Structures are given as structure tokens and as C-alpha cells.
Amino acid sequence: MKLMKKIALATAGMALFAPAMALAQDGATATVAVENIGKGLAVIGAGLAVLGGGLGIGMVGKGALESIARQPEASGTIGTNMILAAALIEGATLFAIVVAFLA
């Protein structure tokens, strides 16, 4: 059984690294692999930024609606502040996405 696990791991390793080795020239296999890992992490970072921004804007909207429900006469200022906060969150999220894709 242990031999089968070793064979399976060796086969999986060759399947993962064979394309990088085939495309690499002049011994640049490690560099290609590191660049691909960096790009994958950048995409994950961009996804986390979008997730965080969406949650933040949702929480701002929830808080604003609860505040308006408690004090309807202050709906104008609450709405203005909500839009301002949502714009700042969206700007920070967009900045994070641009930085992640430039990395």
C-alpha cells in the first residue's frame, strides 16, 4: 500500500511540474513556477478585496436603514453619510484590486 502511495505522489508531481519544465528554457523552471504562484496569490487577494468591500458596503447600508427606521426625520443626513462611506469603501476596494493585479 505504501508503494502505491509513493507511485501516486510521483505521478501527480510529474503531472504538475511537467508543463513548467517543458516550457522553461535555460533552467528557468523555478522562476516560472514562482511567477505563476505569485499571479495566483494576486488573484486570490483581489477576490478577498472584493469580498471585503461587498461586506463593508452591506454593513453600511444595513446600519443606515436601521438608523432611518429609528429616526425617520434624520434620513437626509444619514443617507448622505451612507453614500459617502460606501464611496470610500468602494474606492479602497478598487485600489486593492489594482494593486493585486499589478503585483
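So for the sequence shown, my numbering puts the first residue at 6; every next one is plus one. All C-beta atoms, glycine included, are put in the ideal place defined by N, C-alpha and C. Since this is a predicted model, take the numbers as computed values, not measurements.
DSSP three-state label for residue i, please.
i	result
A108	coil
For residue i, tell me which candidate among the options has the shortest Cα-Cα distance.
i	options	result
G68	I42, G52, I102 and M87	M87
L60	V104, V48, L46 and A90	A90
T98	A47, I42, E40 and G58	G58
Within the same chain, show all residues whose beta-carbon is closer than 6 Å to that of residue i, passing over the 5 residues directly before and after it, in chain order.
i	result
G50	A105
Using a Cβ-Cβ cut-off of 7 Å (strictly less than) and excluding sequence neighbours within five positions of residue i, which residues of its own chain qualify?
i	result
G43	A108
In chain order, what residues of the same chain have a beta carbon less than 8 Å from the beta carbon of residue i, not counting five sequence neighbours either side?
i	result
V55	T98 and I102
Give me the Cα-Cα distance between residue i and residue j, rounded to the nearest whole angstrom.
i	j	result
E71	G96	24 Å
Checklist entry - Between the stretch 51 to 65 and the stretch 91 to 102, do three or more beta carbon pairs fall short of 8 Å? => result yes
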